[in-house]
Amino acid sequence: MKKRKQNQSSAAIMQRSLVSMVATLTLALGLLIVAAVGHQLYEQVVLSTDHIAASLKQTVIDGDDDWKNWRKNSTLDTSSTYVHVHN
2 MKKRKQNQSS AAIMQRSLVS MVATLTLALG LLIVAAVGHQ LYEQVVLSTD HIAASLKQTV
62 IDGDDDWKNW RKNSTLDTSS TYVHVHN
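Set out below in structure tokens:
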């Protein structure tokens, strides 16, 4: 199998350079966007967790009725919140 000879004209060299530059920039920007959005979501979860923990520390929940009342009256989204209680 013969190796195909690359075109060495200046137009071909510029085209190869442009294609590689666009591919590299697209990949880099894609990775940067994924990292930025992931970091923003992480910070949002940390902030939400801190608010839930602070709200729970300020309340006295010693029974199931109190817990249901707190969840109903709380402005925090607790649909995916799990609480580990230890004495």
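My numbering applies: residue 2 is where the sequence shown begins, and numbers increase by one.
For glycine and all other residues, C-beta sits at the position ideal for the given N, C-alpha and C.
query, result
"Run through DSSP, which three-state label would Lys73 get?", "helix"
"When you compare only the Cα positions, how much space is there between Leu28 and Val35?", "11 Å"
"Would you verify that the beta carbon of Ala55 is, or is not, closer than 8 Å to some beta carbon of chain D?", "Going by chain labels, chain D is absent from the structure shown, which holds only one protein chain."
"Tell me which same chain residues have a C-beta within less than 8 Å of the C-beta of Asn74, skipping the five on either side of it?", "none"
"Identify the continuous alpha helix (DSSP H) that holds Arg5 and give its terminal residues.", "From DSSP, Arg5 is part of no alpha helix (DSSP H); its letter is neither H nor E."
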